[in-house]
Amino acid sequence: MQAASQTHCNSRIQIEWTSGGCTARAMAQVLQQLHMRGLHDQLRQSPLQATALVYSLLLACPVILLLLARRCATSAAARKKERLLRMLPSPPHWLPVIGHLHLVGRLPHVSLRDLAADHSRGGLMLLRLGAVPTLIVSSPRATEAVLRTHDHVFASRACSPVTDILFYGSTDVSFAPYGEHWRQVKKIATTHLLTNKKVRVYRHAHEQEVRLVMEKTHEAAVAGATIDLSSLLSSYTNDVVCHAVSGKFFREEGRNKLIQELVEANSSLIGGFNLEDYFPILVKLDLFKRMLCAKALKVNERWNELLDKLIGDHERRLASQHGDEESDFIDVLLSVQEEYNLTRDHIKAQLEIMFEAGTDTPYIVLEYAMIKLMQNPNIMTKLQTELRMTDDCTDRK
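Note that my numbering has the sequence shown beginning at 1, numbered continuously upward.
(1) Using the beta-carbon count (16 or more within 10 Å), is N238 buried or exposed?
(2) Bridge partners for G99 per DSSP, in chain order?
(3) Is R121 helix, strand or coil when you go by DSSP?
(4) Assuming T89 and L126 form a contact by the criterion Cβ under 8 Å, report the distance between their Cβ atoms to the nearest whole angstrom.
(5) How should F399 be labelled, buried or exposed, when 16 other C-beta atoms within 10 angstroms of its C-beta is the threshold for buried?
(6) Just to confirm my understanding: we take E261, look at its own chain, exclude 5 residues before and 5 after, and list those with CB closer than 8 Å. What are they?
(7) Taking the CB atoms as reference points, tell me whether L135 and G99 lie closer together than 8 Å.
(8) What residues are listed by DSSP as bridge partners for I188?
(9) Out of W94, A155, S231, which one is the CA nearest neighbour of P363?
(10) By Cβ distance, which residues of its chain are closer than 8 Å to K348, with the 5 residues on each side in sequence left out?
(11) In the DSSP assignment, find the unbroken alpha helix (DSSP H) run with V146 in it and report its ends.
(12) Looking at C-alpha atoms only, which residue of V283, E301, I259 is the closest neighbour of F474?
(13) Let me confirm a value: S268 is counted as buried when at least 16 other C-beta atoms fall within 10 Å, else exposed. Which label applies?
(14) Less than 8 Å between the C-beta atoms of V299 and A265, yes or no?
(15) Return the residue from the list M214, H346, A357, D328 that minimises the CA-CA distance to A249.
(16) Report the option in Y236, N196, A225, H192 whose CA atom is closest to the CA atom of L212.
(17) Between Y368, D164, I353, A145, which has its C-alpha nearest A185's C-alpha?
(18) In angstroms, rounded to a whole number, what distance separates the CA positions of P177 and V153?
(19) Let me check one thing: in DSSP terms, what residues is I136 bridge-paired to?
(20) Go through its chain and collect everything with a Cβ distance to L233's Cβ below 6 Å, but skip five positions before and after it.
(21) Name the two residues that bound the continuous alpha helix (DSSP H) containing L229.
(22) Considering only the alpha carbon of each residue, which of R388, R157, T171, A77 lies closest to L342?
(23) Is it right to say F175 is buried, meaning 16 or more other beta carbons lie within 10 angstroms of its own, or is it exposed?
(24) For H204, is the classification buried or exposed, using 16 other Cβ atoms within 10 angstroms of its Cβ as the cut-off for buried?
(25) Rounded to whole angstroms, what's the CA-CA distance from L95 to S120? Just pull it up for me.
(26) Going by Cα to Cα distance, which pick from F273, I379, L297, Q384 is closest to G105?
(27) Taking only the alpha-carbon atoms, compute the straight-line gap between I165 and I270 and give it to the nearest angstrom.
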């Protein structure tokens, strides 16, 4: 047990910290002192100390409200859930309100690995990340139980206000909760958008984008200039996906650059630290939601404007042949809209996740592959030899 004391106008206030947090006695004493002396008298006798005390109380108000709301909302089911959670192994060094958040460093995967090595039992460990209990799975046996035996229980992603805003209520194939809607959008993706036939159709466009990358690389090599490979690979994967999703006119008005910018904004929001993900109760108040999710709301407005324009162009394009091999993803989604009872927001959510997943994941894989080649010069030399042999065979033909 730790103790901290504060002298205020010759009166001693004792604050006790326990494993459960700050006791109510300290706050009661502070309030009693203000009541007995009066705030006006406090400010008149010692303005600096009284002001610091008032600011401390104001800062403590959100914490107090959270704790009170949590206690008031506690039901029999919640208490039963809490008893079950306490049975799981967990690091002992948790703090009031923030839980174990202070134990997670700048590299979360490294922090989780180290914490699991010290505190997990049977490959399971409970972390309280803010107000959200989080189960950490770290052994093959436990992973099999989660991903195979109890797959239906863990199939849905955790709810996130940010993804709800960005992906129109999380109605896309990636963030939609497990259920009938998810099965429908998954069926659309596997049977209409990502089939082998569709992949072969876009092969020519894919090869064209590869040639553009090679030309840029060759020009830089001839000029003896450095080249930002990360930027080049990111633009390449973005342009390939833009061609498949929105058609061959994706470079008009710089739309491919705008899509790349919005995809990067999405990645930053989804992968960053969002206070509302750890304290979901905050977004139930509209004022807090507008404050905490302001950036996500602005990004969603830009996506809305872009996607509405793309969909409108396709709807007005008389030459569009729905279901034809030359049709893009937007054409396909519009052609099955009535069959699958899709709203316009559903279509926009599917398009946005296609841009996001189709750009970000391949780019990361390509960049990582280049890093590994640079770290292993012998493998790079072998690959270069194979590529030159392939080019020589092609030239002979």
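Glycine residues also receive a C-beta, built at the ideal position from the N, C-alpha and C atoms. This one's a predicted model, so the numbers in the text were calculated from it and none came from an experiment.
Reading from the atomic positions:
(1) buried
(2) G99 is bridged to L95, L129.
(3) strand
(4) The question names Thr, but residue 89 is Pro in the sequence shown. With 8 Å as the limit, P89 and L126 qualify as a contact, their Cβ atoms being about 7 Å apart.
(5) Because residue 399 is not part of the residues shown, which for the chain are 1 to 397, the question remains open.
(6) none
(7) no
(8) Bridge partners of I188: none, in fact.
(9) Reading off the sequence shown, one finds Tyr at residue 363, where the question assumed Pro. Considering only alpha carbons, the answer is S231.
(10) Y168, W303, N304, L307, D308, I311
(11) Premise fails: V146 is in no alpha helix (DSSP H) and is neither H nor E.
(12) Given a span of 1 to 397 for the chain in the structure shown, any question on residue 474 remains unanswerable.
(13) exposed
(14) For V299 and A265, yes; Cβs fall inside 8 Å.
(15) The sequence given here places Phe at residue 249; Ala does not occur at that position. Of the listed residues, the one whose Cα sits closest to F249 is D328.
(16) Y236
(17) The sequence given here has Val at residue 185, not Ala. Of all alpha-carbon atoms in Y368, D164, I353, A145, the one lying nearest the alpha-carbon of V185 is that of I353.
(18) 11 Å
(19) DSSP lists M125 as partners of I136.
(20) Y363, L366, E367
(21) 229 to 246
(22) T171
(23) buried
(24) exposed
(25) 19 Å
(26) F273
(27) 11 Å
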